[in-house]
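Quick notes on the structure that follows.
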Amino acid sequence: MAEMYVVMYLNCDADDTPHWCLYTVDDGGDELIFEALGSTGQAFRFHTRSVCMDRSQSRKEKIHVGRIEADVWPEVPSLLAGVPVSKQAGWNCQNWVMQAIEALKNESYLEVHDSGLANVRGKYQKKKGAY
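Taking full-length UniProt numbering, I'd label the letters of the sequence shown as residues 1 to 131.
Here's what the structure looks like:
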């Protein structure tokens, strides 16, 4: 099983959009992030890597959004790699995170933590008006 979080990096300039990614920790303590890297209006690309989140120097907020059971975990990286990225102006990593969560839910891979997901959705709605 793996716990899933949305991580929001807070150490950016006031006029920048905070970077968001999906972060997972499995029962063995292995940590991965899944993210869309790029700049709005330009090409984004899917990226994943192993991390040790506690060692990160970046200021961040971590919100628990759910759990992925071990039997479907092997399918998750390829599903997330298939979540589309866009060059459209205004589209960014935050859009990708929300699309990725929906893709996981649609496949019944993510057992949602309702209050955490509601918190993320609220921040996403604020983002749409602020950036």
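Glycine included, C-beta positions come from ideal geometry on N, C-alpha and C.
None of these values were measured; they are calculated from a predicted model.
Per DSSP, His113 forms a beta bridge with which residues?
DSSP lists no partner for His113.
Classification of Glu102 by the beta-carbon crowding that lies within 10 angstroms, buried from 16 upward
exposed
Quick check on DSSP: helix, strand or coil for Arg55?
In the structure shown, Arg55 sits in a helix (DSSP, three-state: H, G or I).
For Ala81, which residues of its own chain have a beta-carbon under 8 Å away from its beta-carbon, when the five flanking residues on both sides are left out?
Phe46, Thr48
Cβ pair count under 8 Å reaching 3, the stretch 107-125 against the stretch 68-77:
Under the Cβ criterion (8 Å, minimum of three pairs), the stretch 107-125 counts as touching the stretch 68-77.
Spatial neighbours of Val120 within its chain, please: CB distance less than 7 Å, with the 5 preceding and 5 following residues excluded, ordered by chain position.
Val6, Ile63, Val65
Where does Asn92 land, buried or exposed, given buried means 16+ other C-beta within 10 angstroms?
If you draw a 10 Å sphere on the C-beta of Asn92, you find 16 or more other C-beta atoms in it, and that means buried.
Candidates Phe44, Asp30, Met53: which alpha carbon is nearest Val97's?
Phe44
Using 7 Å as the threshold, is the C-beta distance between Met4 and Thr24 below it?
yes
Beta-carbon separation (whole angstroms), Val76 vs Ala36, contact threshold 8 Å:
Actually they do not touch by this definition, with Cβ atoms about 16 Å apart.
Would you report the Cα separation of Ile33 and Leu104, rounded to the nearest angstrom?
15 Å
Helix or strand or just coil, what does DSSP make of Trp96?
Looking at Trp96 - three-state DSSP - the assignment turns out to be helix.
Whose CA, out of Ile68, Gln94, Lys126, Gln99, lies closest to the CA of Val83?
Gln99
Roughly how many angstroms lie between the CA atoms of Thr17 and Met1, to the nearest whole one?
31 Å
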